[in-house]
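Engineer:
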Amino acid sequence: HELSRHKNFGVITLQAEDEIAAANAALGAAFAGHLAVTGTSGPGMDLKAETLGLAVIMELPMVIVDVQRGGPSTGLPTKTEQGDLLLAMFGRHGESPMPIIAPSSPADCFSAAFEAARIAVRYRTPVIVLSDTFLSNSSEPWRLPEVDDLPVIDPSFATANGEGFLPYARDDRLARPWAVPGSPGLVHRIGGLEREDLTGNISYEPENHERMTHIRQAKVEGVAADIPPIEVDDPSGDAELLVLGWGSSLGTIRAAAVRIRQAGGSVATAHLRHLNPFPSDTGEVVRRYPKVLIPEMNLGQLAMLIRAKFLVDVKSFTKVQGLPIFAEELEQEIRRVLDE
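The sequence shown: position 182 = 226 (the numbering used here), numbered continuously.
Next comes the structure, spelled out in structure tokens:
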């Protein structure tokens, strides 16, 4: 296994017998105080869903990498697609929110994974990284970052203070303490049953369940405070059309925009890395332009979310052939929308 050759970094690699075991092992590692990562594709996300819900209610940090492929079922296992966005958003029973990050290039996969780890630890939550087969089979020159230049990920493990330990007390980010099992003075209960606020005792109280549900949702929404504003590329400043993308479509969008501009046209572009929550200024950006076009390798999943959340009548351009969207295709669609 590739990762087993990097033991000098202190990374423990486990090749589990199936998807469910891999997810449970990762969650167990998180409970034990480790930064846990598990990887899969769409069908594996289906199987890991129950464990991801367990990670949400236990409020433990872990990273789940979904390399999206053509579906449903076995579908096109060696071809690319962006069909798992709504699965990542809603594919667990109950109110089970978690942050979602999508890398935009092979080099960005490192940065996106690092960002996912930072958010997972900082907010005590599982985080999904939505890559795809196109990215996993692509390559580009990439300068290895200096470790000292990377942001510090501080686990801030809980320590006993001589008072009773409250495993579901909250900091200003609504994150609960991360207590490593066996730490003196930090004995507590944890599991899949609903917990009482503060004490962590099992609770069936209706008001407590509603309170905890709102806390978990507010914690994920609060991640937006850690997300930078959207970078909009609008050289002319007077574009009527914004092309908004996510994931591996970044290169295609940029190339199509260059072609339009070189021909004398005007178009703005923006790209979303954070898909849940959206950056705080997303609504302002999409309402700024009379027309918004969202190209996706699915049937319009991001377009559906943007319409629902910001009540903007975005236009959807979709392709589900197991192939990436080509610049020529998007250029033609941009021209068609501009001519409407």
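Glycine included, every Cβ here is placed at the ideal spot set by N, Cα and C. If you're wondering where the values come from, they're calculated on a predicted model, not measured in any experiment.
Here's a check: name, in chain order, each residue in its chain whose Cβ is nearer than 6 angstroms to the Cβ of L98, leaving out the five neighbours to either side.
Structural biologist: Once the five neighbours on either side are set aside, the close Cβ partners of L98 are G236.
Engineer: Quick check on DSSP: helix, strand or coil for E340?
Structural biologist: Correct three-state label for E340: strand.
Engineer: What are the boundary residues of the alpha helix (DSSP H) that includes G72?
Structural biologist: Element bounds for G72: 63–75.
Engineer: I think H253 touches E238, with their Cβ atoms under 8 angstroms apart; what is that distance to the nearest whole Å?
Structural biologist: Confirmed, Cβ separation roughly 5 angstroms.
Engineer: Would Y248 be called buried (16 or more neighbouring beta carbons within 10 Å of its own) or exposed?
Structural biologist: The residue is exposed, with fewer than 16 neighbouring Cβ atoms inside 10 Å.
Engineer: Buried or exposed: where does N320 fall if 16 or more other Cβ atoms within 10 Å of its Cβ makes it buried?
Structural biologist: The residue in question, N320, is buried, as its Cβ has 16 or more Cβ neighbours within 10 Å.
Engineer: Assuming L294 is part of the alpha helix (DSSP H), what are its boundary residues?
Structural biologist: Counting along the chain, the alpha helix (DSSP H) containing L294 begins and ends at 294–306.
Engineer: Cutting at 6 angstroms between CB atoms, please list the residues of its own chain near A301, excluding the five before and the five after it.
Structural biologist: So the list reads V311, T313, once near-sequence residues are dropped.
Engineer: Look at the alpha carbon of G208 and the alpha carbon of I338, and state the distance between them as a whole number of angstroms.
Structural biologist: Each residue's alpha carbon lies about 52 angstroms from the other.
Engineer: Please report the straight-line C-alpha distance between A93 and A347, rounded to a whole angstrom.
Structural biologist: Roughly 24 angstroms between the two C-alpha positions.
Engineer: Quick check on G97: does DSSP put it in helix, strand or coil?
Structural biologist: It is helical.
Engineer: Please classify E375 as buried or exposed, where buried requires at least 16 neighbouring CB atoms within 10 angstroms.
Structural biologist: Classification for E375: buried.
Engineer: Is the distance from the Cβ of G366 to the Cβ of E184 below 8 angstroms?
Structural biologist: Against a cut-off of 8 angstroms, the Cβ pair of E184 and G366 comes out as no contact.
Engineer: Would you mind working out which of T177, F201, E190, M89 sits nearest S117, comparing C-alpha positions?
Structural biologist: Looking at the Cα atoms, M89 is the closest of the given residues.
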